[in-house]
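Data first, discussion second: the structure below is written as structure tokens.
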Amino acid sequence: MTPAVSINNLTKVYKGRKGLKVEALKGISLDIMPGEVFGFLGPNGAGKSTTIKVLLGLIRATAGEAAIGGTPVSNPAARRSIGYLPENPALYDSLTGEEYLKFVGQTFGMTETELPGEVNRVLSLLDLKDARKRPVRSYSKGMVQRLGLAQTMVHNPDVYILDEPMSGLDPIGRAQVKEIIRGLKRAGKTVFFSTHITGDVEAVCDRLGVIVSGKIEALDTVENILRSGVEGYEVRLEGVPDMHEEGIVNIMSEAGRSAWYVPAAKFNTFMQRVGEQAVQVADIETKRRDIESFFLDIVGKGP
Ligand SMILES: Nc1ncnc2c1ncn2[C@@H]1O[C@H](COP(=O)(O)OP(=O)(O)OP(=O)(O)O)[C@@H](O)[C@H]1O
Ligand SMILES: [Mg+2]
């Protein structure tokens, strides 16, 4: 199958004033398959927006290739299959939301007959119907962000490239954007979005890539990352067994009950001892490293 987004050994060197060079991308490679929601996680300055701008054909890579659905990004046709949310969208704020979406549809060559239906569709999808006749300057931050997302969808593209879609939103706004991304996934679309917030990726992504200083440092499914992060278990027992195993910690024992921290590697031994002493298990809670500590470890600021 042709990847929806493919990035092959991409390098970007910015040439600043006084001949100063910034190596923003140091040879990154990445394939995103159709229907996949991919989270591009990285700290400030990691190279997320640079990668995205290359994909949109807004800047040229120094070396390497990138393609959308097999079409090289240097070909303007690649842009037509992308819905793009820039990092700081400049929406024409004297237009109403509806006028703005019509304008965007026109730039994609949509006809006067198809435009009203599609504009209505995205206005309802993003809960902007009531505000459609108001100028964008009167919109709240969350509404502007929803309008930004709406304009990615007017021409109903297959691939969505969103640069920090949840930035600056309150928890309700973030939840709405996550739900929109899930909706795109249900519709079989491909979503590539950047963020520096780990909670965003855990909730919506199939796979995630971590970029640090222009290099991809990790690339895996969220499921695998969470599974590899299982560190141990907290076990509550109806009873207080004799337990003298290194690494197993008695958290509490009182009134004939006990709680234990059991490292993953000691779990079988622990359960065997418990079984031998005919003690009942009341509850087992998995203790795992979350995406946040995984991310912080990679970025190098981990505890
Ligand atoms: N036009 C430019 N000229 C020179 N350097 C640039 C330019 N744009 C970006 N850079 C540099 O390239 C590196 C990557 O920047 P980029 O904007 O891609 O990071 P980012 O991961 O999107 O960060 P953020 O989370 O802050 O948005 C940074 O060191 C940045 O200073
Ligand atoms: Mg950025």
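The opening residue of the sequence shown carries number 683 in my numbering; numbering runs sequentially from there. Note that beta-carbon positions come from the ideal geometry of N, C-alpha and C, so glycine has one too.
- Ranking 953, 891, 717 and 814 by CA distance to the CA of residue 724 puts 891 first.
- Cβ-Cβ distances below 6 Å link residue 688 to 713 and 749 in the same chain, with the five nearest sequence neighbours on each side left out; the list follows chain order.
- According to the DSSP assignment, residue 799 belongs to the alpha helix (DSSP H) that extends over 797-807.
- Per DSSP, reduced to three states, the secondary structure at residue 813 is coil, with no helix or strand assignment.
- Per the coordinates, the alpha-carbon of residue 805 lies some 9 Å from the alpha-carbon of residue 779.
- Nearest in C-alpha terms to residue 762, of all of 841, 974 and 797, is 841.
- Remark: fewer than three beta-carbon pairs, one from each stretch, lie closer than 8 Å, so the segment 908-920 and the segment 771-790 are not flagged as touching.
- A Cβ-Cβ distance of about 6 Å is found for the pair residue 843 and residue 764, placing them in contact under the 8 Å criterion.
- Here residue 948 is near residue 927, since their CB atoms are less than 7 Å apart.
- Placement of the Cβ of residue 732 at a distance of less than 6 Å from at least one heavy atom of ligand 1 is found.
- At the C-beta level, residue 706 and residue 865 stay beyond 7 Å of one another.
- CA-CA distance, residue 694 to residue 813, rounds to 41 Å.
- Per the coordinates, the alpha-carbon of residue 803 lies some 9 Å from the alpha-carbon of residue 835.
- Below 8 Å, enough C-beta pairs join the segment 871-886 and the segment 715-724 to call them touching: three or more.
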